[in-house]
Amino acid sequence: MLLPSNINLFILLFVIWPTNGGLLNRDVLPINEIDSKAIYDLKNFTIKIPEITFNNVEGSDDNLINTFQGILPFFGNTEVTTDQVTANQKISIPELVSSINQSISPCDDFYDHVCSGWIKNHHIPEHDLAYTKFTDIQYIIYQQLIDIIQEAPHINNGIGQMIYTLYNKCLDPNEKNRYGTSYVMYKVQELRSRRFRFLTDFMIYFHPKTTFFSMSVIPDPYNSSVNSIYIATPEPGIHYSHFIDEDEKNMLIEYRKYLRKFLELLVESDPYRKVFKEGPAEIDRRLESILIYENKLAILANLSSADSHSDNISELIRKVTLKELQSLLPSVNWQRFFENILSQKVLDKIDLSSVSIYIDKKDYLQQMDAFLHKISKNTINDLLEWFIIQSYQYTLDERFEQLSLQFNSIYLGVKKKQPKKLECLQTTLHVFTNYIDSLYVTKHFNMNIKSNVERMVKNILAAFADTITTTDWMDNETKKNALKKADKMIINVGYSKIIFNKTKMEEDYSSLYFNNENMLPDIIDKINKWKSSLGLEKLIKINERNSNTLPSYVSDAYYLPSENTIGILAGALQNSSYNDAFPIPFNYGAIGSIIGHEITHGFDDTGSQYDELGNFKNWWDKSSKEKFLKKKNCFVDMYDKIYVDEVGEYLDGYNTQGENIADDGGIRIAYKAMKKVLQSEDYSSRKTVEGLEGYSDDQLFFLNYAFSWCSVESKDSIKYRIREDEHTIPKYRVNTILRNNVEFRNAFNCHKPDYMVSEEICRIF
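Mapped onto mature numbering (1 follows the signal peptide of the UniProt record, and there is no 0), the consecutive letters of the sequence shown carry residue numbers -21 to -1, 1 to 744.
Put into structure tokens, the structure is as follows:
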């Protein structure tokens, strides 16, 4: 993955509502799903179960381009037709040329040398944390997608009508104004009226939303052709460090204030005390219930954070039967839970007693179970009602929106809500992903680009294979296995063919129906149940490699270890990343290094633990593995030493190691592929860039590599990303990789003690 999707509020990837208190993307409607991108299967036995019981109290923005006018001062300047280039062999890219700051030596700070002008001419939208080169094109794509959605009613089928209905229901201010707090109060009263005795009953009722345990359906780690169930614990509403570290607890104080004010607004909205029987006196108790739970989640998140880049993933997960799960987590009747959430279609084809279930090998789940037995039943009551309130928070009025915005302004530095059109676009895309994706590709993707980039992929894969063959630290058998894995990689350029499988699409959507007569909360509930049902049906289906992909309209790329699949998405094949008219070094420096990055992910700290079919398997000779780990740790140490003056913190080399390895390997194999291509080129037809005539091929390669990562970020964003993101922040992502690259220093004639010349070289591939 290229972009920091966990903080970029616009990235259209996995927009799932955080029912446990998460604050990012609070305005996006709460579309949940059973994760179908990964591991787990299930049937019948009888056992006495000490289930947890609980007390029941009683039975306009018209056009996005206009919205962001001024943010895109250069957009379109890089567009050059092939005919123009053929005629004069010189192209104009003023966006890049004007960005270069000649007063900063490329050997002192290459990122600032290349990006200064671009940074000066761009600013961060008030509703976001950063603005990057990839954001340039993403805003254009957003408007294209909105136009497609607005045309959806003219599609002669029910899917088009549902797309249009969902988007416009979301946009309609009257939909929200009609609820105030009444819908949330109604849902809490409904919960009480059911008089549930057991926690299991609530989990069945609340499914598929997350409670004390989260559940996913993912490819089996050891046999990715089938699916299994994975059960884990949720994440706290804010980063766990704010609960754990004394130096970080100021933010916990702000979070407490936010939650208190949220509860106060609810109580104020219940003057007749239909829900909050004790009025303001309840606030302290409910607040403490929430924070006791979130503190436990933070403790577990802190413990599990060290596992995120384990050298042996198989040591982190444990396969259990349903009977074993019941013994480990007795607070829930798991058999009854699965019998109620699985359709009869699924139950008829699986045996619950022998289904594959995966949990963390460490005792995180057991700690949560023990926590549930330890806290009072009143606390559990409070938390169950809090889950309900959180899941329908999108129906609450403007007071609550402003409150969330106030907290996010402190927590993240976000000053405004994102435009309503983007909120509703994200919700709609998450439901109708493949359908809208097919429309987008048909209307906006240039198929000529696809064939040209596929040629680049072939060249870069060949360069990677040559690198593996000639490396001196791998034994021959490990080399053979690595080459086999590279050869078996499935690489989607632009889009995946699965989006044009009309039969499957119609089959999937046949069980979903809503229309304009339905209220928005009812529509969201229908969608959640539908997506859950589709996900759970994966338990009885065989996985086909390349069945899980990201949509083409995202300006990004990905590698999926469980399928050994790569996607170079259409959204990333635009602007300065790729253009048929660009000189070869430009394209290889930008999209070429991205392709190389994703290929290298198949062999980084995580990818190296999967075989060519996406299964956990050790295909390494012991000695080669030891050398790999030593080389990997060189990157961890190198990034750990980097101090970011702007925020007074060090980078996290451990958390970012996979992306750093992919960055380093990606630029090396893209450069190698470029050199080979240039050797076969007719230099009489070599393209030049106006204003960069004196630059060599190597220099152009590194220029556009750096230019691809130009970014404007706030201090809040930088601090947040250092803590949360697996990608190094852009300036150090560029400079650290290039300081580590001999070809770069040779291209720009850099020597010690120049900053851009590292004392130590870390290299795996």
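Cβ atoms here follow ideal geometry from the backbone N, Cα and C, with glycine treated the same way. Since we're looking at a predicted model, the values are computed, not measured.
Locate the alpha helix (DSSP H) running through Y618, then write down its first and last residues. By one-based count along the sequence shown, residue 618 stands at place 639. Segment K601 to D619, the alpha helix (DSSP H) holding Y618.
So G593 and N554 are supposed to be a Cβ contact under 8 Å. How far apart are they, rounded? Here residue 593 corresponds to residue number 614 of the sequence shown, with the count starting at 1. Here residue 554 corresponds to residue number 575 of the sequence shown, with the count starting at 1. Not a contact, Cβ separation roughly 32 Å.
Quick check: the segment 325 to 337 against the segment 345 to 365, are at least 3 beta-carbon pairs closer than 8 Å? no
In angstroms with no decimal places, state the Cα-to-Cα distance between Q397 and L279. Position 418 of the sequence shown, counted from the start, is the residue given in the question as residue 397. Position 300 of the sequence shown, counted from the start, is the residue given in the question as residue 279. The straight-line gap from Cα to Cα measures roughly 32 Å.
Tell me the residue span of the alpha helix (DSSP H) that contains S572. Position 593 of the sequence shown holds residue 572. Where S572 is concerned, the enclosing alpha helix (DSSP H) stretches over S572 to H580.
Within its chain, find whatever has a CB closer than 6 Å to the CB of P732; leave out the 5 residues flanking it on each side and keep chain order. Counted from its first residue, the sequence shown places residue 732 at position 753. Taken in chain order, the list of residues that qualify is empty.
Note down the Cα distance separating K548 from K429, rounded to an integer number of angstroms. If you number the sequence shown from 1, residue 548 lands on position 569. If you number the sequence shown from 1, residue 429 lands on position 450. The sequence given here has Leu at residue 548, not Lys. Approximately 10 Å between the Cα atoms of the pair.
For T667, three-class secondary structure by DSSP: Along the sequence shown, read from residue 1 onward, the residue named residue 667 stands at position 688. Looking at T667 - three-state DSSP - the assignment turns out to be strand.
Taking residue 752 as the reference, which of K298, I697, L717 and I716 has the closest Cα? What the structure shows of the chain is the stretch from -21 to 744, and residue 752 is not part of that stretch, so it cannot be assessed.
Does D342 come out as helix, strand or coil in the three-state DSSP assignment? Within the sequence shown, numbered from 1, the residue matching residue 342 stands at position 363. Correct three-state label for D342: coil.
Taking contact to mean at least 3 C-beta pairs separated by less than 8 Å, is the segment 560 to 575 in contact with the segment 663 to 673? yes
Compare the C-alpha of D87 against each of R742, I740 and V736 and name the closest. Along the sequence shown, one-based indexing puts residue 87 at 108. Among R742, I740 and V736, the Cα nearest to that of D87 is on V736.
Is the beta carbon of I621 less than 7 Å from the beta carbon of Y711? For the purposes of this step, residue 621 is taken as residue 642 along the sequence shown, with counting starting at 1. For the purposes of this step, residue 711 is taken as residue 732 along the sequence shown, with counting starting at 1. Cβ atoms of I621 and Y711: closer than 7 Å.
Helix, strand or coil for R742? Go by DSSP, reduced to three states. Position 763 of the sequence shown, counting from 1, holds the residue named residue 742. It is coil, neither helix nor strand.
Straight-line CA distance for K240 to K505? Position 261 of the sequence shown, counted from the first residue, corresponds to residue 240. Position 526 of the sequence shown, counted from the first residue, corresponds to residue 505. If you take the alpha carbons of K240 and K505, they lie about 31 Å apart.
As a quick exercise: from T579, S512 and A685, pick the residue whose alpha carbon is nearest that of D643. Sequence index remark: in the sequence shown, residue 643 carries index 664 (1-based). Measuring from the Cα of D643, the nearest candidate turns out to be T579.
Same chain, Cβ closer than 8 Å to L124, five either side skipped, listed in chain order: Stepping through the sequence shown from its first residue, residue 124 is reached at position 145. So the qualifying residues of the chain are L404, L408, I415, Y419 and Y532.
Buried versus exposed, by CB contacts within 10 Å (16 or more), G673: For the purposes of this step, residue 673 is identified with residue 694 of the sequence shown, where counting begins at 1. With fewer than 16 other Cβ atoms within 10 Å, it is exposed.
Every unbroken alpha helix (DSSP H) within the segment 144 to 170, with a cutoff of 4 residues, ordered by chain: 152 to 156
Is P200 buried or exposed, if buried means 16 or more other CB atoms sit within 10 Å of its CB? Taking the first residue of the sequence shown as 1, we reach residue 200 at position 221. Burial call: buried.
Proximal residues to A641 (C-beta, below 6 Å), its chain only, five neighbours per side dropped: Along the sequence shown, read from residue 1 onward, the residue named residue 641 stands at position 662. Cβ neighbours of A641 beyond the five flanking positions: H576, T579, H580 and D583.
Measure the CB-CB distance between I648 and I716 and report whether it falls below 7 Å. The residue you call residue 648 lines up with position 669 of the sequence shown. The residue you call residue 716 lines up with position 737 of the sequence shown. Not closer than 7 Å, so no.
Do L462 and I477 have their C-beta atoms closer together than 7 Å? One-based indexing of the sequence shown puts residue 462 at position 483. One-based indexing of the sequence shown puts residue 477 at position 498. No, Cβ-Cβ distance for L462 and I477 is not below 7 Å.
From this set, T528, N312 and N522, which residue's C-alpha is nearest S475's C-alpha? For the purposes of this step, residue 475 is identified with residue 496 of the sequence shown, where counting begins at 1. If we check each option's Cα against that of S475, T528 comes out closest.
P732 by DSSP, collapsed to three states: which one? Position 753 of the sequence shown, counting from 1, holds the residue named residue 732. Of the three classes helix, strand and coil, the one that applies to P732 here is coil, per DSSP.
According to DSSP, simplified to helix, strand and coil, what is V533? As a working note, residue 533 is residue 554 in the sequence shown. If DSSP states are grouped into helix, strand and coil, V533 belongs with coil.
In angstroms, rounded to a whole number, what distance separates the CA positions of F686 and Q636? Here the question's residue 686 lines up with position 707 in the sequence shown. Here the question's residue 636 lines up with position 657 in the sequence shown. Straight-line Cα distance between these residues: approximately 22 Å.
Looking only at DSSP bridge pairs, what is P564 linked to? Residue mapping note: residue 564 aligns to position 585 of the sequence shown, counting from 1. P564 pairs with nothing; no bridge assigned.
DSSP state of M498 mapped onto helix, strand, coil: The sequence position of residue 498 within the sequence shown is 519, counting from 1. Coil at M498, not helix or strand.
In the DSSP assignment, find the beta strand (DSSP E) that holds S383 and state where it starts and stops. Position 404 of the sequence shown, counting from 1, holds the residue named residue 383. No beta strand (DSSP E) holds S383; the alpha helix (DSSP H) holding it covers E377 to Y390.
For the segment 360 to 370 against the segment 253 to 271, do three or more pairs of beta-carbon atoms, one drawn from each stretch, fall closer than 8 Å, so that the two count as touching? yes
In DSSP terms, what D199 is bridged to: Counting from 1 along the sequence shown, the entry for residue 199 is found at position 220. The partner list for D199 (beta bridge, DSSP) reads N202.
Reference E496; option with closest CA among E154, C94 and I70: Counting from 1 along the sequence shown, the entry for residue 496 is found at position 517. Here the closest residue by C-alpha is E154.
Three-way DSSP call (helix, strand, coil) for F595 in this model: Taking the first residue of the sequence shown as position 1, residue 595 is located at position 616. Reduced to three states, the DSSP call for F595 is strand.
According to the neighbour-count rule (16 or more other Cβ atoms, all chains shown, within 10 Å of its Cβ), is R724 buried or exposed? For the purposes of this step, residue 724 is identified with residue 745 of the sequence shown, where counting begins at 1. Buried, by the Cβ-count rule.
Counting only the same chain and skipping the five closest in sequence on each side, list residues whose C-beta sits under 8 Å from that of I320. The count along the sequence shown starts at 1 and reaches residue 320 at position 341. Around I320: I183, H186, P187, S511 and L515.
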